[in-house]
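Enquirer: What the sequence shown shows, in this note's numbering, is residues 1 to 415, in sequence order.
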Amino acid sequence: MSTNNPFEIARQQIDACAQILKLESHVHEFLRNPMFEVHVSFPVRMDDGSTKIFQGFRVQYNDAKGPTKGGIRFHPEETIDTVRALAAWMTWKCALVDLPLGGGKGGVICNAKEMSKAELERLSRGYIRSVYQFIGPDKDVPAPDVYTNPAIMAWMMDEYSKIAGKNKFGVITGKPICLGGSLGRGDATARGGMYTIREAAKVLGLELKGATIAIQGFGNAGNYAASLARDLFGCKIVAVCDSKGGAYCQQGIDHDGVCQFKAETSSVVDCPKTERISNEDLLEMDVDILIPAALENVITEKNAPNIKAKIVAELSNGPTTPEADEILHEKGIHVIPDFLCNAGGVTVSYFEMVQNLYMYAWDEATVHERLDKKMTLAYHSVLKTSKSLGINMRKAAYVVAVQRVVEAMKLRGWV
Ligand code: GLU
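1) Return the residue from the list 130, 17, 51, 139 that minimises the CA-CA distance to residue 61.
2) What are the uninterrupted segments assigned as alpha helix (DSSP H) that are 4 or more residues long and contained completely in the stretch 57-119, given in chain order?
3) Judging by CA-CA distance, which residue of 328, 251, 359, 70 is the nearest neighbour of residue 273?
4) I want to see whether chain D comes within less than 8 Å of residue 124, judged by CB atoms only; does it?
5) According to DSSP, is residue 41 helix, strand or coil?
6) Regarding residue 288 and ligand 1, is the C-beta to nearest heavy atom distance less than 7 Å?
7) Would you kindly check if the distance between the Cβ of residue 213 and the Cβ of residue 229 is under 8 Å?
8) Leaving aside the five residues before and after residue 167 along the sequence, list all residues of the same chain whose C-beta is less than 8 Å from its C-beta, in chain order.
9) Specify the secondary structure class of residue 241 as computed by DSSP and reduced to three states.
10) Kindly identify the DSSP beta-bridge partner or partners of residue 276.
11) Using only the heavy atoms of ligand 1, determine whether one of them is closer than 7 Å to the beta carbon of residue 346.
12) Please name the residue, chosen from 254, 241, 283, that lies closest to residue 267 on a Cα-to-Cα basis.
13) Among 380, 367, 117, 219, which residue has its Cα nearest to the Cα of residue 336?
14) Please go through the stretch 146-225 and give each complete alpha helix (DSSP H) segment of 4 or more residues, from N-terminal end onward.
15) First and last residue of the beta strand (DSSP E) that includes residue 143?
16) Measure the CB-CB distance between residue 154 and residue 71 and report whether it falls below 8 Å.
17) What residue range is occupied by the uninterrupted alpha helix (DSSP H) comprising residue 292?
18) Could you compute how far the alpha carbon of residue 180 sits from the alpha carbon of residue 352?
19) Check whether the Cβ of residue 302 sits closer than 7 Å to any heavy atom of ligand 1, and report yes or no.
20) So the candidates are 59, 51, 100, 12; which of them puts its Cα closest to the Cα of residue 408?
21) Taking residue 219 as the reference, which of 145, 391, 56 has the closest Cα?
22) Less than 6 Å between C-beta atoms, sequence neighbours within five positions excluded: which residues of the same chain meet that for residue 317?
23) Can the beta-carbon of residue 394 be found closer than 8 Å to that of residue 325?
24) Starting from residue 400, trace the alpha helix (DSSP H) in both directions and tell me its first and last residue.
25) Is the stretch 112-120 touching the stretch 361-379, taking contact as three or more C-beta pairs under 8 Å?
26) Answer yes or no: do residue 374 and residue 131 have a C-beta to C-beta separation smaller than 8 Å?
27) Quick check: the stretch 256-263 against the stretch 286-303, are at least 3 beta-carbon pairs closer than 8 Å?
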């Protein structure tokens, strides 16, 4: 049944995987539900002197393989079901890249774009005070996600440390470098995605030098994806977009120019030397690689028949609905599923946790090399499973990840 509810979609995906793996019904049922969640409500003093009440969530989906891990989103349309779905996907993501971590996610309903820096700081600290007792370096470790960033992570780490009465850098990842952040964390999601695109291109025999790319979303992941695809492989980025619309240039977009234009106008739309396109047109463009890098449910049964890319590399979480998935598979489009393609972020977050524990800092080359190894291994284990079982790449990613979580649950004696 067609739905836009991300948690319903996550459950449909788990159901399909349970069928392939012939999971016992109680194991299947356990995996369909988060193990723990909190709903919080907290006051924040606004700059005009008024007090606003904000609502937030933290979901710890499954911690069989280790402390739960996953970002915090600040979004006006955040819902508990979105956070549940994202926490489920974090569980499979961490298992797929074989990290000793479970999956979690948090969110606060707010419009970060309309808040001042001081209001955002008070909101960030208020959220941490509300969830303090449920998180921790060996319990649940948040990170950046949609509309949260290293500065916010620094306030959150500081608030947690203040309450704990000692420095607890390991409570959160994606921190600024001078506060225990890891080199290579900033572009890790996009860079990890690039390693999977490189492997997919080898498999498909696609020459990456000069290959055309359209990127939907120009936040952290989309922006870095554009510069890395150019710098690492010599790809040509022909279209980018943000929530206000898109910019197209057949000869290749001048990345620095677009970044500067967006910094000045807060959008890529009408950037000099580009043509205006809609977000819908961008998804259906005749390019070699399409990179969704924004929010959920953008590739649906409506537009999937018109998608022309050879590779769809899902840098965002949940961009493709199950119906669209089937259509892309039938069309022979190579989909690098979200929790494989965007696992680079949490992988370097894990490296950050390890470095914090040892109070040691790795150089950037070491981070890149270890990230490459993890992503390449994960890509090929998914590809191998997809080929051996004759299933699409997303289902194969589920099979590899869920098997690992189930093994951990069984060895712990839970099921
Ligand atoms: N928010 C990112 C994700 O969805 C990173 C999570 C993390 O680093 O813990 O994968």
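The beta-carbon is built from N, C-alpha and C at its ideal position, and this holds for glycine as well.
Expert: Looking at the atomic coordinates:
1) It is 139.
2) Restricted to the stretch 57-119, the alpha helix (DSSP H) segments that are unbroken, complete and at least 4 residues in length are 80-96, listed in chain order.
3) Per the C-alpha coordinates, the member of 328, 251, 359, 70 positioned closest to residue 273 is 251.
4) Among the chains in the structure shown there is no chain D, since it carries only a single protein chain.
5) Correct three-state label for residue 41: strand.
6) Checking every heavy atom of ligand 1 against the Cβ of residue 288, none is found closer than 7 Å.
7) Result yes, Cβ atoms of residue 229 and residue 213 sit closer than 8 Å.
8) Contacts found: 161.
9) In the structure shown, residue 241 adopts extended strand secondary structure according to DSSP, grouped into three states.
10) Answer is 247, bridged to residue 276.
11) Residue 346 Cβ: within cutoff of ligand 1.
12) Put simply, of 254, 241, 283 the residue whose alpha carbon is nearest the alpha carbon of residue 267 is 241.
13) A check of alpha carbon separations from residue 336 across 380, 367, 117, 219 identifies 380 as the nearest.
14) Within the stretch 146-225, the complete alpha helix (DSSP H) runs of at least 4 residues are 150-164, 188-204.
15) The continuous beta strand (DSSP E) containing residue 143 extends over residues 140-144.
16) Residue 71 sits away from residue 154, with the two beta carbons spaced by 8 Å or more.
17) Premise fails: residue 292 lies in the beta strand (DSSP E), 289-292, not in any alpha helix (DSSP H).
18) Distance between the alpha carbons of residue 180 and residue 352: 7 Å.
19) Not under cutoff, so the answer is no.
20) Of the candidates 59, 51, 100, 12, 100 places its Cα closest to the Cα of residue 408.
21) Residue 145 is the option with its Cα nearest to residue 219.
22) Excluding positions up to five away in sequence, the list reads 86, 89, 338.
23) Result yes, Cβ atoms of residue 394 and residue 325 sit closer than 8 Å.
24) Start and end: 393-411.
25) Taking 8 Å as the limit for Cβ pairs, the verdict is that the stretch 361-379 does not touch the stretch 112-120.
26) Note that the C-beta distance between residue 374 and residue 131 is not below 8 Å.
27) Cβ pair count under 8 Å is below three, so no.
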